[in-house]
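These notes concern the structure reproduced below.
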């Protein structure tokens, strides 16, 4: 920690001290020593230090008083380099919560002042999941109910201050928009209930694992303005664009450049294909516009009906109140 960080931490500790005795007041230098020392410790070293210190404090001027049906240990808290403080200040200066101090006290009472080792053990529930089986099942399920759509993928890299963009086309499997991750979880449970010895995972875990291992399988967005046909037509835009440029620009190209590949005339089959794709795209856009207008009109009509029904109900209620 830098000197500024240490000073900032000490100022925060003193300003947030709620003790009536102001046990941290006038101990700026001692607190700076303590904060700097604690900042140099690892998590395990700090835990061992706190446990050892609590173990020593519990053996000093310990007094036992009866509270309710049990006994409660009460002792004074001392911080190295700082001296006597209250329990909240003891916890905040060491960077832990008061409940953590209570947990450490129970550990010391059990006769153990060593830090509890995590052991880098995996989560028991997550480690039981057969990820290979889950990915295989989801891939087969998506292939059966989904639809493969070509998608244009853009990747951007910055090299020597210059931004370069790379484009590629990949096949994505899109599930119907009516599907949700909860529905997929239920489908998996039905499959497992057939008698397979496979550990079931939580819906959130399924979502996380499948998003990580199956990035090319997505649920179709119900609010997407670009449908699959538009994506497929976009893959054929280059041929249409070349035909359009050929018809508009080639007549202005000098004779010596007429046979260049970029200016070469398209074949009859390519022209027919491009015209058919262009016409199909126009018809599709017109159909989408018509459908959107019908949906908008239907929503407006529904809103009017609801408004009229509400108005009629208010009128009936008013008449009933008058009677």
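In full-length UniProt numbering, the protein residues as written are 1 to 323. Here a beta-carbon is modelled for each residue, glycine too, at the ideal position from N, C-alpha and C.
Cβ neighbours of residue i in the same chain (closer than 6 Å, five flanking residues each side left out)
{"i": "residue 57", "result": "75"}
{"i": "residue 6", "result": "32, 35, 36"}
{"i": "residue 157", "result": "164"}
{"i": "residue 297", "result": "none"}
{"i": "residue 166", "result": "155"}
{"i": "residue 21", "result": "none"}
{"i": "residue 16", "result": "none"}
{"i": "residue 78", "result": "84"}
Residue i - partner residues in DSSP beta bridges
{"i": "residue 171", "result": "150"}
{"i": "residue 163", "result": "158"}
{"i": "residue 83", "result": "79"}
{"i": "residue 219", "result": "175"}
From the options, residue whose alpha carbon lies closest to that of residue i
{"i": "residue 9", "options": "23, 31, 19, 25", "result": "31"}
{"i": "residue 100", "options": "34, 6, 54, 165", "result": "54"}
{"i": "residue 46", "options": "93, 248, 298, 149", "result": "93"}
{"i": "residue 26", "options": "39, 38, 11", "result": "11"}
{"i": "residue 14", "options": "42, 82, 59, 44", "result": "82"}
{"i": "residue 85", "options": "278, 23, 29, 142", "result": "23"}
{"i": "residue 209", "options": "21, 77, 138, 176", "result": "138"}
{"i": "residue 91", "options": "112, 143, 134, 38", "result": "38"}
{"i": "residue 44", "options": "112, 285, 116, 243", "result": "116"}
{"i": "residue 169", "options": "188, 189, 216, 207", "result": "216"}
{"i": "residue 80", "options": "187, 49, 105", "result": "49"}
{"i": "residue 206", "options": "287, 105, 134", "result": "134"}
Through-space distance from residue j to residue i, alpha-carbon basis
{"i": "residue 328", "j": "residue 88", "result": "Residue numbering for the chain in the displayed model covers 1 to 323; residue 328 lies beyond these limits and cannot be assessed."}
{"i": "residue 145", "j": "residue 185", "result": "15 Å"}
{"i": "residue 236", "j": "residue 313", "result": "Residue confidence is low: residue 236 scores 45 on pLDDT, short of 50, so the model does not pin down where it sits. Its coordinate-derived value is still stated next. When rounded, the distance between both Cα atoms is 56 Å."}
{"i": "residue 41", "j": "residue 28", "result": "20 Å"}
{"i": "residue 112", "j": "residue 136", "result": "47 Å"}
{"i": "residue 276", "j": "residue 214", "result": "35 Å"}
{"i": "residue 366", "j": "residue 190", "result": "One cannot answer for residue 366 here, as it falls past the ends of the chain, which runs 1 to 323."}
{"i": "residue 292", "j": "residue 160", "result": "47 Å"}
{"i": "residue 188", "j": "residue 114", "result": "44 Å"}
{"i": "residue 304", "j": "residue 311", "result": "10 Å"}
{"i": "residue 306", "j": "residue 294", "result": "18 Å"}
{"i": "residue 110", "j": "residue 98", "result": "19 Å"}
{"i": "residue 141", "j": "residue 175", "result": "10 Å"}
{"i": "residue 225", "j": "residue 3", "result": "The predicted model places residue 225 with a pLDDT of 45, which falls under 50 and marks its position as unreliable, so this point remains unresolved."}
{"i": "residue 132", "j": "residue 18", "result": "55 Å"}
{"i": "residue 308", "j": "residue 151", "result": "46 Å"}
{"i": "residue 231", "j": "residue 300", "result": "At residue 231 the pLDDT is 45, less than 50, meaning the model places this residue with poor confidence and gives no usable figure here."}
{"i": "residue 268", "j": "residue 249", "result": "18 Å"}
{"i": "residue 212", "j": "residue 193", "result": "25 Å"}
{"i": "residue 162", "j": "residue 95", "result": "45 Å"}
Beta-carbon contacts of residue i that lie in its chain and below 7 Å, excluding the five residues immediately before and after
{"i": "residue 107", "result": "51"}
{"i": "residue 182", "result": "203"}
{"i": "residue 148", "result": "171, 173"}
{"i": "residue 272", "result": "none"}
{"i": "residue 104", "result": "50, 51, 54"}
{"i": "residue 302", "result": "none"}
Other residues of its chain near residue i: CB distance less than 8 Å, five sequence neighbours each side excluded
{"i": "residue 180", "result": "219"}
{"i": "residue 60", "result": "75, 76"}
heavy atom of the ligand GTP below 7 Å from residue i C-beta
{"i": "residue 55", "result": "In the structure shown, the ligand GTP is absent, as is every other ligand, since no ligand is present at all."}
Min CB distance residue i to chain B below 8 Å
{"i": "residue 14", "result": "Absent from the structure is chain B; it holds one protein chain and no more."}
Unbroken stretches of the alpha helix (DSSP H), 4 residues or longer, contained in the UniProt region "Disordered" (267-323): Listed in chain order, the complete alpha helix (DSSP H) runs (minimum 4 residues) inside the UniProt region "Disordered" (267-323) are 268-322.
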